[in-house]
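Student:
Protein chains: 4
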Amino acid sequence: MEISIIGASGYTGIELMRILANHRNVDSVKPYSRTYVGKKVGVVNKSLVKFDKFQNFHDFDGEKTIDDLDSDVCFLCTPNGEAMRFAGTLIEKGIKVIDMSADFRLPADVYENTYKIKHTATNLIDEAVYGLPEIFREKIRTARLIANPGCYATSAILGLRGICAAKFKSQFFSDKIVVDAKSGTSGAGKKTEEGLLHSEIYNNLKPYNVSFHRHRPEIENILRKLDDLKNLKISFTPTLLPISRGIITNIHIFLKENSGIADFNEITGHYNEIYKDEFFVRLVGNVTSLHSKISNDDFEIQLKDVLHTNLCEISLNFDAYANRIIIISAIDNLLKGASGQAVQNMNLMCDYDEKEGLMMAGGV
Amino acid sequence: MEISIIGASGYTGIELMRILANHRNVDSVKPYSRTYVGKKVGVVNKSLVKFDKFQNFHDFDGEKTIDDLDSDVCFLCTPNGEAMRFAGTLIEKGIKVIDMSADFRLPADVYENTYKIKHTATNLIDEAVYGLPEIFREKIRTARLIANPGCYATSAILGLRGICAAKFKSQFFSDKIVVDAKSGTSGAGKKTEEGLLHSEIYNNLKPYNVSFHRHRPEIENILRKLDDLKNLKISFTPTLLPISRGIITNIHIFLKENSGIADFNEITGHYNEIYKDEFFVRLVGNVTSLHSKISNDDFEIQLKDVLHTNLCEISLNFDAYANRIIIISAIDNLLKGASGQAVQNMNLMCDYDEKEGLMMAGGV
Amino acid sequence: MEISIIGASGYTGIELMRILANHRNVDSVKPYSRTYVGKKVGVVNKSLVKFDKFQNFHDFDGEKTIDDLDSDVCFLCTPNGEAMRFAGTLIEKGIKVIDMSADFRLPADVYENTYKIKHTATNLIDEAVYGLPEIFREKIRTARLIANPGCYATSAILGLRGICAAKFKSQFFSDKIVVDAKSGTSGAGKKTEEGLLHSEIYNNLKPYNVSFHRHRPEIENILRKLDDLKNLKISFTPTLLPISRGIITNIHIFLKENSGIADFNEITGHYNEIYKDEFFVRLVGNVTSLHSKISNDDFEIQLKDVLHTNLCEISLNFDAYANRIIIISAIDNLLKGASGQAVQNMNLMCDYDEKEGLMMAGGV
Amino acid sequence: MEISIIGASGYTGIELMRILANHRNVDSVKPYSRTYVGKKVGVVNKSLVKFDKFQNFHDFDGEKTIDDLDSDVCFLCTPNGEAMRFAGTLIEKGIKVIDMSADFRLPADVYENTYKIKHTATNLIDEAVYGLPEIFREKIRTARLIANPGCYATSAILGLRGICAAKFKSQFFSDKIVVDAKSGTSGAGKKTEEGLLHSEIYNNLKPYNVSFHRHRPEIENILRKLDDLKNLKISFTPTLLPISRGIITNIHIFLKENSGIADFNEITGHYNEIYKDEFFVRLVGNVTSLHSKISNDDFEIQLKDVLHTNLCEISLNFDAYANRIIIISAIDNLLKGASGQAVQNMNLMCDYDEKEGLMMAGGV
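Going down the list, the protein sequences come from chains Z, G, C and V. Start counting the first sequence at 0; every next residue gets the next number (numbering that gives the first Met the number 0). Start counting the second sequence at 0; every next residue gets the next number (numbering that gives the first Met the number 0). Start counting the third sequence at 0; every next residue gets the next number (numbering that gives the first Met the number 0). Start counting the fourth sequence at 0; every next residue gets the next number (numbering that gives the first Met the number 0).
Next up, the structure:
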C-alpha cells in the first residue's frame, strides 16, 4: 500500500513516518514538503534513512499537487484552512483522507468563530468522522474522511467520556468542570518563535490561552453528542511544559451534595465497562476498588508511562472532603494525541489490525 | 548579628545561606548538620566559600545543642516534629525562632490529623505567627516564633487572598475552588528516593497526593481567619514538574449565575488595592482594565520571571463563557516559598529593611 | 522461545523487556528480581502490561535460582562479580548466556586490577565472546557466552575502529588519542544517590572519573586485538549529562607532521569500507568527500538522531590547522550501548534476523 | 553614575541589567533597543521592574544615537562589525566603552580572516585592552576601550594560563592540546532558528564547528602574548548542551616522555600561585597535594557550583597512565563568560570595588 503525507516535515508528519516505518501493510510513503523538495527523509529524521519505503520529498504545489496525487491513503498535516481546499478532490478519487488539522472537527459556525477562517467545504463536515476510535470505531471503518482529533481534545475526551453517561449527568455540577491541561513543546509545532527557544523554556512553565483555547469547543462538541448533554461546559486552561513530548490533563468534577463515594464507585465501574476491551486505554489501579484497598500491582499515573506509546492512561480519584472526582489523563501528544491516533484510524479504514505499527513500549 | 541554622545542609538551609551571604546585617552564620560536622559550607554549595561569614558545620545533637545555642536568630530547617522540641528553649533564651517546618502552622488537632505526629508544644501554637508578611506583617514584627509558610501554601494564599474579602464571598461558589499546583523537584527536598532520580523525572510529570495534600488544611486555616469564611473549601491537587525550582498555581473559581465581569472587575480592583504597596507581589498587567485593552507594557505570566527572586507574580483572568475567574500565582519555591520568605520575616523581626538580602533579579 | 532476565528491574533489564515486547521470535519472558517478586512487569514499566509474553517477576535466590533455571537464553543484568558465579552452570545446561556486566570483558588480571574483584571463573573468560557484532559477528553466532560491551566502550570502539588498520597505525600519535565522552544519567543505573537526584542534575554537568574510568582498559583491550596495536593508549574522560539517555563521544587524534588531508581521505575511505554493509552504523555525510563539498543531503551529527534507536552514528572531520582528526560517535546508551546490542547478539546466536526487534525509528 | 547599554534586549544585555540592578555605584541605566522602543525593561525581564534605576528602552538609530549619547560607561552588546563603527566616537567623548563583541579582540588580519568582516577601526585595536582582569587587571584600570572576552575564550584561557609559564613550555607537546568545550544554549543568543527550539534541544547534544570555531584564534592570540609561546596551537571543539546556561571546558595536555607527576605538581603549584589572590577563580581541591591525599573539604568540579555566579572553577588532574594533565574549567557563560566579566571590567575602569555587584552565591 502507498501512503502520501502532505506537510511531512513538521512534528506530526515526522512522527507519522516514524510509525509507518514499521507498519507491515505500508510499502511506500511519499512525503510532500515545500522546504525539502528532492531531499531524503533523513534530512528531518535521520533514523528513517534505514527504511527503504520512504521516497524523497516531493514538491507540494497546492491544488495542482492534489489533482495529480495518487495513493491509497493521504494524511494532511497542513495548517488550519488548507485541508478544506484539498479533501474533496482526494476523496472523489477514492483516496482515504485523514486530516490532522481542525478543518473538519467542528460545525461550520463554531469552526469559523473559533479559528476565524471562512469554511469553504461545509458539505464535507457532516461526512467527516471524528477520528477517536474508542468512541466512533464503527463509523471510522467506513469513513472516507477523518477529522483527526486535537491533542488536548483526545486527552480530555477520553478522560471525561465515562462521566457523560445519561445516568450520571444529574449527579455533578455539569458547568463546574475544570480541565487543567499541560503539554510539552512539540505540541506547538516547529514554529521559530522567541518564546519557543530552548533558553526561554528550559527553566520555565507558561500558562497560555488561559480563558479560551480552541480545543475547548472541540471537547464540548464531541461530548455533547454522546449523551445529549447539551449544556455541558468545560473550563479549560492549558500550560506549556519544559519537556518536548507529552500531555497530562487534570479534570476536576464536583458531585452534588447528595452524591458521594457510592456514586464515584458507580462511575468507576462505568469506566471499567467502557474501556475494558480498549487496548490503547488503561485505567490505573483496580479502579472499582480504588476507594478501598489498592492492590500490590497498582501504580500511580505518570507521564513517562505513556511517552513513546499510543496509550492513554486514566487515573480516577475521589476527594471525599470536597466531594470531588479527579480524573487524570496522560498521553503522548505526538502519538495518541496526533500521529499514532491517525494511524489507528488508517488501520480501521483499511481493515488492518487496529494495533499494527502501534505496539510501542515506552521507556525512560 | 549572628544566625544559627539547624539542618543547614538541605535545600532550604543552603538557600538561607545563599541569601544571608549578601545580607548586610548578618555578620556570622553558624550552620548545624549531623552529616557534615567540621566541614566547610562549600561542601554543600561551593560558591559560599567566598564569604567569610560562614563558620564550618557544627554538630547537631538535639536538645543538648539547643541548650547551648547562642544566636540572635535561629532558623529551624528540621523535619516535621522536631521544632516543637526546640522552639520553647530557644525563645526563652531570647533567640528569635523561624521554623521552616509545619510544626506551628496549624491548630494542634488539625496538625495531628494531618501529620500523624503528636504535638508536644501546643502552648506555643497560639504564640507562633504565620510568617506571611503580606498578611501578618505587624504581628511578625513583634513575634518571638514564626511558623514559616509552606511553599504551595504561600503561592495559593497570596493568589486567593483577594477573593476572601467579606464583600465577595457571596459571589462565588466557595466550595468549588480548584487549586491545581505544579512544583519543581527541590520542593521534595534531598530525599534519595528512586522516584526523584534524574532519569525518572527528566521526561516525566507526576501528579501526586491527588485527593489530599498536607498544604490544603494550611491554606484553608489561614484564609478562613481572614474574613470569617468558615466554610471555605479548597480542592487542591499538586503535580511534580521536571524542573528543579519553581511553583505555578492555577486557581479556578466559579462565580454565581447573577455575577459576572463587573464583579471580576471589582475583585481585580481589590487585588490592586491590597497589593499596591507590596514590593514582593506583582500583579501581571494593568489588572483593573484586564477585560478591556491590555497596555503595551503588559506581559503574560511565566515561571522564569520569578525564578531566583523573592517575588510572587499573580495574573488575574476572566472566562466569560464559564463565568470563571482564573488566578495564576508564580513563585520560586525555595525563595518566596521558603528561605526568601524566612529572611523577609527575620528582617521584620529585627527591624531591618524588609527587602535586605532579597533584591535579586531573575534570569534565564 | 523463552527468555530469562536476571535483574530485570534495572534500566538495562527494563530496556531488554521493552525490545523483546516486539521481538517476533520471543514467546515468553521470565523476569527475575528480588525487589518485585510476584508483581507484574508493569510495576517497573507500565506499557509492558499490554504484552502477554511477560510473566510476573520471579524471585532471584542466587545459585539456587540458577540451578533451576530453564530457558533458551538468559540475560544477566547483575552487578559486576555476580555473572562469574552463574554463567558456567547456565551454559552447561545449554542455555545461551548474555552477560551485561563487565565480568567477561577483560583478561583476569586486568579485570581484577580494574574492578577490585577476584575473578572466580577465569576459565570462561577465553570462551566468552565480546558482543560487538560489527567486529566479532562470526564468533558471536556460535558463542555460548557473550560479554556484552560497556556503553562508553561501544561508542569509542566503533568510532576508533577504522583508524586501527595496520596501514594507518604509523600515521598518528597512537598514545595521544583523547576520548572525551558524555553520557546521560540512565548510564549510572537506578542508584539512589544524592548526586543523581533530579534537583542536583537538572542545571548541572559533572565530569567524573577524570583520569581513570573502567571502560578505558576495555576499549584498549579490544582495539589492541584488532591490529596488533599493542601500545595503543587511550586518554579517556567522561562527563555526566543532564539528560536521561544517550552518549556522544568526541575522539581527537593527531596526525604526524608528514601526514595530512590525503591520509584523512584514505582513512575515511576505510571507514566507508568497513561499515558499508553495517545496518546499525551510519557514517554522517558522504564521508569520502568530506574534505570537499558536502552534498545537500548530508546532515550534522546530533544525539537525537540515534536516541530510541539501535544505531551508532559516526562523523569524521579533519582540522587542517592542527592536523587533527575529530571522530564523533553517537549512540543511545540503553540500546546500542547495552540492551539493543544484547538483543542483536541474541539474534546472531539464535540465527534470527540480526535486526529483529531493533528496527526502531527515533524522534524528538 | 549612568550607564548606557546598546542592544540591551539580548541575553548579555539583560544579564548586564540584572547585575547592575544591585550595583551600588550605578544610579541610572539607559537601555537601547530597536525592538522595544518606549517599553519598560520588564518586557524582557520582569523582575527588573522592581528597580527604579532602569529607564524605558530608548531607540537605537546607529551613528546618530551614538553621537547624542551621554553616559559614564557604554556597553556595546551589538553584533560583530557594529562596535567598530561606534567605539571611536564614544571614547573621544570620554565615555568608557566595553565592547561585548569580537571587534577588538584580535589583530585586524586575524579578525578579518576569522569573522569575514572588513575592520574599519584598526587604529583602535591596539588601544583596546582585552578584558580579562586575572591577566590584564592593571591595563584595564586605565583603559578607555575594553574588548570583553568571548565565553569559551574566558573559560579556556583561565584554564590554560598556568601551563603557559616559560618554564613549563618545553614540558608538554604544545601543539597537542585538546580543548573540548560544552556550552548551554544561551551562548547562541536569542536567535529564532529551528535548531535552537526547545523541542529540538531538550533530549539532544550537538557538536558544532567541530574543526574550526572563532574563539580558537582568540584563545591563542591571548596565550601567545603571555609567554612568547608563539607556536602554541589549540585543538578546539565545542558542543551545544541541553541546558540554558553554563560552560564546562575539558583541556587535555600531554607531557613529554621524560616528564611526569613531579612536573604536574610544579604546575599545580604555579596555578596556586597565580590564582591565590583572585577572588573569582577557585582551584578545586588543595591542588598542590592532588596527587596524594585529598582532604575532607575537597569537592569535585561541577557546573552548578558556578551557575548564577561570576566564579571560574578550575580542577587540575593527572593521568599517570597516559602522562596527561586534565584541566577542567567551569563558568557561567552569561556571567564570568560575558556580562559579569564586563561589570568586573567596569569596576576596575571606574575605580570601584572589583567585586561590586558580583557577589552572587549560586544554587540548584
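Beta carbons are placed, not taken as given, at the ideal position from N, Cα and C, and that holds for glycine.
(1) For the segment 108–123 of chain Z against the segment 76–92 of chain Z, do three or more pairs of beta-carbon atoms, one drawn from each stretch, fall closer than 8 Å, so that the two count as touching?
(2) Please classify L367/C: does DSSP put it in a helix, a strand, or coil?
(3) Which runs of the beta strand (DSSP E) fall wholly inside the segment 114–197 of chain Z and span at least 3 residues, in chain order?
(4) In the DSSP output, what is N24/C paired with across the bridge?
(5) Look at K255/Z and F172/Z and say whether their C-beta atoms are less than 8 Å apart.
(6) Output, in chain order, the set of chain Z residues within a Cβ distance shorter than 7 Å of F253/G.
(7) DSSP three-state label for S294/C, please.
(8) Please classify V36/C: is it buried, with 16 or more other beta-carbons within 10 angstroms of its beta-carbon, or exposed?
(9) Excluding sequence positions up to five away, which residues of its chain have a Cβ less than 6 Å from the Cβ of K292/G?
(10) Using a Cβ-Cβ cut-off of 8 Å, state whether M16/Z counts as contacting chain V.
(11) So for S288/Z, helix, strand or coil by DSSP?
(12) Between which residues of its own chain and R140/G is the CB-CB distance below 6 Å, once the five residues before and five after are set aside?
(13) Using a Cβ cut-off of 8 Å (strictly closer), state whether E192/Z contacts chain V.
(14) So for A360/V, helix, strand or coil by DSSP?
(15) Roughly how many angstroms lie between the CA atoms of V280/G and R215/G, to the nearest whole one?
(16) Out of A319/C, E353/C, L239/C, P30/C, which has the shortest C-alpha to C-alpha gap to K335/C?
(17) Within its chain, find whatever has a CB closer than 6 Å to the CB of F235/V; leave out the 5 residues flanking it on each side and keep chain order.
(18) Only counting the same chain, and skipping five residues up and downstream in sequence, which positions put a Cβ closer than 6 Å to that of I233/G?
(19) By the 10 Å Cβ neighbour count, where 16 or more other Cβ atoms means buried, how is G361/V classified, buried or exposed?
(20) By how many angstroms is the C-alpha of T184/G removed from the C-alpha of L239/G?
(21) Residues of the segment 93–105 of chain Z with a CB closer than 8 Å to any CB of chain C: list them in chain order, please.
(22) What is the residue span of the alpha helix (DSSP H) that L240/C lies within?
(23) Let me check one thing: in DSSP terms, what residues is R281/G bridge-paired to?
(24) For the alpha helix (DSSP H) that contains V36/V, what are its first and last residues?
(25) Which residues of chain Z have a Cβ atom closer than 8 Å to the Cβ of I242/V, listed in chain order?
(26) Less than 8 Å between the CB atoms is what I'm expecting for G158/C and I313/C, so what's the real figure, rounded?
(27) Over what stretch of residues does the alpha helix (DSSP H) that includes L347/C continue unbroken?
(28) Using a Cβ distance threshold of 8 Å, determine whether the segment 129–149 of chain V contacts the segment 90–109 of chain V, with at least three qualifying pairs required.
(29) What's the gap between the Cα of I273/Z and the Cα of C163/Z?
(30) Along the alpha helix (DSSP H) that carries E355/G, what are the first and last residues, could you check?
(31) Can you give the Cα-Cα distance for D58/C and G12/C, rounded to whole angstroms?
(32) Where T121/Z and D318/G are concerned, what is the direct C-alpha to C-alpha distance, given to the nearest angstrom?
(33) Thinking C-beta only, is K190/C closer than 8 Å to I246/C?
(34) Ordered along the chain, which non-local residues of its own chain (more than five positions away) have a Cβ less than 7 Å from that of L123/V?
(35) Would G245/Z count as contacting chain G if we go by Cβ distances under 8 Å?
(36) Does N112/C pass the burial test, meaning 16 or more other C-beta atoms within 10 Å, or should it be called exposed?
Tutor: Quick answer:
(1) yes
(2) As displayed, chain C neither begins before 0 nor continues past 363, which places residue 367/C out of reach and without an answer.
(3) 144–146, 176–182
(4) Along the third sequence, one-based indexing puts residue 24/C at 25. In the DSSP output, where bridge partners are listed per residue, N24/C has none listed.
(5) Indexing the first sequence from 1 puts residue 255/Z at position 256. Indexing the first sequence from 1 puts residue 172/Z at position 173. Yes. Within cutoff.
(6) To locate residue 253/G, count along the second sequence from 1; it is residue 254. Correct list: K175.
(7) The count along the third sequence starts at 1 and reaches residue 294/C at position 295. Because the pLDDT of S294/C is 40, which lies under 50, any placement of that residue in the model is unreliable, and the number read from its coordinates should be weighed accordingly. Looking at S294/C - three-state DSSP - the assignment turns out to be coil, as it is neither helix nor strand.
(8) In the third sequence, the residue the question calls residue 36/C occupies position 37. Exposed, since its Cβ has fewer than 16 Cβ neighbours within 10 Å.
(9) Locating residue 292/G in the second sequence gives position 293, where the first residue counts as 1. Confidence in K292/G is poor, its pLDDT being 37 and thus under 50, which makes the residue's placement unreliable; the coordinate value appears in the next sentence. Here the set comprises nothing.
(10) Here residue 16/Z refers to the residue found at position 17 of the first sequence. So no, M16/Z is outside the interface.
(11) In the first sequence, residue 288/Z corresponds to position 289, counting from 1. Reliability fails at S288/Z, whose pLDDT of 41 lies under 50, so the model's placement of it is uncertain and the value that follows must be treated cautiously. In the structure shown, S288/Z sits in a helix (DSSP, three-state: H, G or I).
(12) In the second sequence, the residue the question calls residue 140/G occupies position 141. Correct list, in chain order: L347.
(13) Locating residue 192/Z in the first sequence gives position 193, where the first residue counts as 1. By this cut-off, E192/Z is an interface position.
(14) In the fourth sequence, residue 360/V corresponds to position 361, counting from 1. The answer is coil: DSSP assigns A360/V none of H, G, I, E or B.
(15) Here residue 280/G refers to the residue found at position 281 when the second sequence is read from its first residue. Here residue 215/G refers to the residue found at position 216 when the second sequence is read from its first residue. Cα to Cα, V280/G sits roughly 22 Å from R215/G.
(16) As a working mapping, residue 335/C is identified with position 336 in the third sequence. Considering only alpha carbons, the answer is E353/C.
(17) Looking up residue 235/V in the fourth sequence gives position 236. For F235/V, where only same-chain residues beyond five positions count, the Cβ hits under 6 Å are V178, H212, R215.
(18) Here residue 233/G refers to the residue found at position 234 of the second sequence. Cβ neighbours of I233/G beyond the five flanking positions: I176, V178, R215, I218, E219.
(19) Along the fourth sequence, read from residue 1 onward, the residue named residue 361/V stands at position 362. Burial call: buried.
(20) To locate residue 239/G, count along the second sequence from 1; it is residue 240. To locate residue 184/G, count along the second sequence from 1; it is residue 185. For L239/G and T184/G, the distance between alpha carbons rounds to 7 Å.
(21) none
(22) Here the question's residue 240/C lines up with position 241 in the third sequence. From DSSP, L240/C is part of no alpha helix (DSSP H); its letter is neither H nor E.
(23) Here residue 281/G corresponds to residue number 282 of the second sequence, with the count starting at 1. Looking at the DSSP assignment, R281/G forms a beta bridge with E312/G.
(24) Locating residue 36/V in the fourth sequence gives position 37, where the first residue counts as 1. It is not in any alpha helix (DSSP H) - V36/V carries neither H nor E in the DSSP assignment.
(25) One-based indexing of the fourth sequence puts residue 242/V at position 243. In chain order: Y201.
(26) Counted from its first residue, the third sequence places residue 158/C at position 159. Counted from its first residue, the third sequence places residue 313/C at position 314. So it is a contact: roughly 6 Å between Cβ atoms.
(27) The count along the third sequence starts at 1 and reaches residue 347/C at position 348. 339–348 is the span of the alpha helix (DSSP H), which, as asked, contains L347/C.
(28) yes
(29) Position 274 of the first sequence, counted from the first residue, corresponds to residue 273/Z. Position 164 of the first sequence, counted from the first residue, corresponds to residue 163/Z. C-alpha separation (whole angstroms): 12 Å.
(30) For the purposes of this step, residue 355/G is taken as the residue at position 356 of the second sequence. First-last for E355/G: undefined, no H or E at that position.
(31) Taking the first residue of the third sequence as position 1, residue 58/C is located at position 59. Taking the first residue of the third sequence as position 1, residue 12/C is located at position 13. The alpha-carbon atoms of D58/C and G12/C are separated by roughly 15 Å.
(32) Along the first sequence, one-based indexing puts residue 121/Z at 122. Along the second sequence, one-based indexing puts residue 318/G at 319. If I take the Cα positions, the gap works out to 29 Å.
(33) Mapped onto the third sequence, residue 246/C falls at position 247. Mapped onto the third sequence, residue 190/C falls at position 191. No; because the gap between Cβ atoms is not below 8 Å, this pair is not in contact.
(34) By one-based count along the fourth sequence, residue 123/V stands at place 124. Excluding sequence neighbours, L123/V sits near A86, G87, F103, L144.
(35) Within the first sequence, the letter at position 246 stands for residue 245/Z. G245/Z counts as touching chain G.
(36) Within the third sequence, the letter at position 113 stands for residue 112/C. Exposed: under 16 other Cβ atoms inside 10 Å.
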